[in-house]
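Undergrad: Chains as they are written, first to last, in the working numbering: chain R, 3 to 456; chain L, 3 to 68. Ideal placement from N, C-alpha and C gives every residue a C-beta, glycine not left out.
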């Protein structure tokens with residue numbers, strides 16, 4: 003009788019939660035069971051008490067032996083099948099925490115030639131990928147993604163020629179290759195009506211940033227000239243609701259708004275028919291430095307997220323924070339560390355992190371992975387940087403090795419780690435660790451409520 | 003903040019008075035949908051990919067190992 007290799011023990015009052023993420027198994031036990039498991043782990047006699055551990059054997063926490071976990075081997079080749087375009091770093095809002103400092107100086111808009119080259123690249127990759135699949139291996143889906151994101155606001159009037167051309171070109175080319183286009187955007191929702199009408203006809207989904215009721219939204223997400231954004235964004239949401247358009251609401255939570263998370267959950271439930279909302283803690287960077295906007299205290303964020311979830315549950319909704327999703331296990335935080343993320347900045351620079359969107363960013367030498375070459379009209383990629391990022395797996399991060407949340411947070415965001423410690427492998431200064439641990443523990447306890455008592 | 007949660011890292015009072023038979027267990031049904039883990043939103047394809055939803059490499063490896 004052995005213990006599964008990845009077993010974690012989380013104290014919970016007088017009891018303990020056993021969590022074996024690779025088995026998808028959770029158990030709540032008392033101190034005597036933990037003492038017994040300690041004896042088992044160190045090879046000591048457990049005095050004929052094996053049968054008492056039968057419930058743990060049934061869920062795989064106790065085993066008769068396991069095949070060793072294979073070593074992590076970084077992926078080779080860079081053939082992304084989706085592209086994120088940041089048409090501009092300009093914005094009509096001037097959010098107090100903007101990571102890219104958008105809404106300040108006026109910059110350029112991406113050339114159509116750059117966008118088309120990026121689209122050609124991912125269409126060719128996707129076509130090759132799907133054609134390489136045997137029949138029956140999902141080959142019928144043939145999905146390909148185009149995303150517009152900030153940087154700045156993708157739906158500014160000055161961007162729309164580029165956006166419209168890119169969407170039409172993408173869809174036309176996808177049809178030629180028998181691919182199914184998925185066109186989505188993250189937007190601040192502050193757009194004029196004619197743009198909105200066009201967007202709902204041509205996009206499949208939107209992610210809208212809205213920080214909560216009027217006073218929070220207007221304080222944290224004012225217009226570029228300092229005016230209020232709430233009414234315009236609400237007009238957008240009402241329009242999408244009337245058309246039953248697919249979208250998600252996402253709120254950034256600051257130190258100032260954290261205690262109002264339950265109220266934000268109630269507000270979202272009152273204005274939207276969607277079943278799922280996102281709330282993310284502010285990460286201090288960009289404009290936070292000048293506005294002195296602060297991240298929420300981790301303990302406050304955990305406390306009020308739990309309360310917000312309860313409020314949302316009343317109307318059958320869920321609230322998620324990206325670090326606390328329990329229903330999957332991952333060892334790479336994002337695709338920049340694995341398959342490869344392909345995001346193109348207005349000047350044709352390719353980045354593997356949405357937050358690294360300026361060449362003077364201290365993280366540029368890590369995350370800027372390529373550049374559009376005007377002479378060849380193709381992208382040139384820095385393969386050494388792409389491969390270096392791929393060496394970052396949660397098993398290679400020392401401070402994550404013994405953490406029970408390692409397969410949910412997957413080592414946290416390498417970009418944020420670098421901002422804080424100068425090392426993509428060092429998440430130790432990141433407040434999100436505490437939030438993730440607290441909310442994963444809460445999620446485990448919630449799961450246990452529906453478990454079997456033996 | 004504690005980052006060590008292995009059996010050897012937890013202290014159990016020698017006087018622990020619970021009985022062994024009170025064990026509550028539950029299984030997680032892992033989704034094959036890749037969930038976003040960064041805070042940039044659901045739709046950047048940074049966690050997802052355009053390929054059909056399937057378990058990530060690590061899940062396949064571990065499932066085979068188990």
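1. At which residue ranges does the stretch 20–51 of chain R contain complete alpha helix (DSSP H) runs of 4 or more residues, listed in the order of the chain?
2. Pick out whichever of 304(R), 31(R) and 243(R) has its Cα sitting closest to the Cα of residue 261(R).
3. So, for residue 366(R): in the same chain, excluding its five sequence neighbours on each side, which residues have a beta-carbon less than 7 Å away from its beta-carbon?
4. Assuming the contact rule is C-beta atoms closer than 8 Å, residue 432(R) and residue 414(R) should be a hit. Round their C-beta distance to whole Å, please.
5. Please give the ranges of any alpha helix (DSSP H) in the stretch 54–92 of chain R, keeping only runs that are unbroken, at least 4 residues long and fully inside the region.
6. Contact check, residue 26(R) vs residue 29(L) under 8 Å by CB: the rounded distance?
7. How close, in whole Å, do the beta carbons of residue 340(R) and residue 392(R) come, if the pair is a contact with beta carbons under 8 Å?
8. Quick check on residue 411(R): does DSSP put it in helix, strand or coil?
9. Taking the C-alpha atoms as reference points, what is the distance between residue 410(R) and residue 327(R)?
10. May I ask which residues mark the beginning and end of the beta strand (DSSP E) holding residue 457(R)?
11. Terminal residues of the continuous alpha helix (DSSP H) containing residue 122(R)?
12. Does residue 188(R) get closer than 9 Å to chain L when you measure Cβ to Cβ?
13. Expressed to the nearest angstrom, what Euclidean distance is found between the alpha-carbon atoms of residue 38(L) and residue 49(L)?
14. Out of 188(R), 15(R) and 77(R), state which residue places its alpha-carbon closest to the alpha-carbon of residue 93(R).
15. Excluding the 5 residues flanking residue 408(R) on each side, which residues of the same chain have their C-beta closer than 6 Å to its C-beta?
16. Where does residue 294(R) land, buried or exposed, given buried means 16+ other C-beta within 10 angstroms?
17. Kindly confirm or deny that the stretch 83–101 of chain R and the stretch 262–275 of chain R touch, where touching means at least three C-beta pairs closer than 8 Å.
18. Could you tell me whether any Cβ in chain L is nearer than 9 Å to the Cβ of residue 410(R)?
19. For residue 209(R), count neighbouring C-beta atoms within 10 Å of its own C-beta (all shown protein chains included) and say buried if the count is 16 or more, exposed if not.
20. Between which two residues does the beta strand (DSSP E) containing residue 184(R) stretch?
21. For chain L, find out if any of its Cβ atoms is closer than 9 Å to the Cβ of residue 435(R); answer yes or no.
22. Excluding the five sequence neighbours on either side, which residues of its own chain have a C-beta within less than 8 Å of the C-beta of residue 74(R), listed in chain order?
23. Would the stretch 173–188 of chain R count as touching the stretch 204–220 of chain R if we require 3 or more Cβ pairs under 8 Å?
24. Going by Cα to Cα distance, which pick from 383(R), 108(R) and 63(R) is closest to residue 91(R)?
25. At 7 Å on the CB atoms, spell out the chain B contacts of residue 231(R), in chain order.
TA: Looking at the coordinates:
1. Runs of the alpha helix (DSSP H) inside the stretch 20–51 of chain R: 33–43.
2. For residue 261(R), the nearest C-alpha among the options comes from 304(R).
3. Take residue 366(R), set aside five residues on each side of it, and the residues of its chain with a beta-carbon closer than 7 Å to its own are 358, in chain order.
4. Yes, residue 432(R) and residue 414(R) are in contact; Cβ-Cβ is about 5 Å, under 8 Å.
5. Qualifying alpha helix (DSSP H) stretches, in chain order: 56–60.
6. The distance from the Cβ of residue 26(R) to that of residue 29(L) is about 5 Å, consistent with a contact at the 8 Å cut-off.
7. The Cβ separation is near 7 Å, so the contact holds.
8. Correct three-state label for residue 411(R): helix.
9. For residue 410(R) and residue 327(R), the distance between alpha carbons rounds to 7 Å.
10. Residue 457(R) cannot be examined here, being either before or after the span of chain R that is shown, 3 to 456.
11. Start and end: 114–134.
12. Taking Cβ atoms only, chain L reaches closer than 9 Å to residue 188(R), which makes this a yes.
13. Distance between the alpha carbons of residue 38(L) and residue 49(L) is about 5 Å.
14. The shortest C-alpha to C-alpha distance from residue 93(R) to any of 188(R), 15(R) and 77(R) is the one to 188(R).
15. By the criterion of a C-beta distance shorter than 6 Å, residue 408(R) is surrounded in its chain by 396 and 402, once the five residues flanking it on both sides are discounted.
16. Exposed, because fewer than 16 other Cβ atoms sit within 10 Å of the Cβ of residue 294(R).
17. As far as the Cβ criterion goes, the stretch 83–101 of chain R does not touch the stretch 262–275 of chain R, which means the pair count is below three.
18. Yes, residue 410(R) counts as interfacial toward chain L.
19. By the 10 Å Cβ count, residue 209(R) comes out buried.
20. For residue 184(R), the enclosing beta strand (DSSP E) starts and ends at 182–189.
21. Yes, residue 435(R) lies at the interface with chain L (some Cβ there is under 9 Å from its Cβ).
22. Non-local C-beta neighbours of residue 74(R) in its own chain, meaning closer than 8 Å and more than five positions away in sequence, comprise 333, 395, 397 and 398, ordered along the chain.
23. Output reads yes: the stretch 204–220 of chain R touches the stretch 173–188 of chain R.
24. When each option's Cα is compared against that of residue 91(R), the closest is 108(R).
25. Among the protein chains of the structure shown, namely R and L, there is no chain B.
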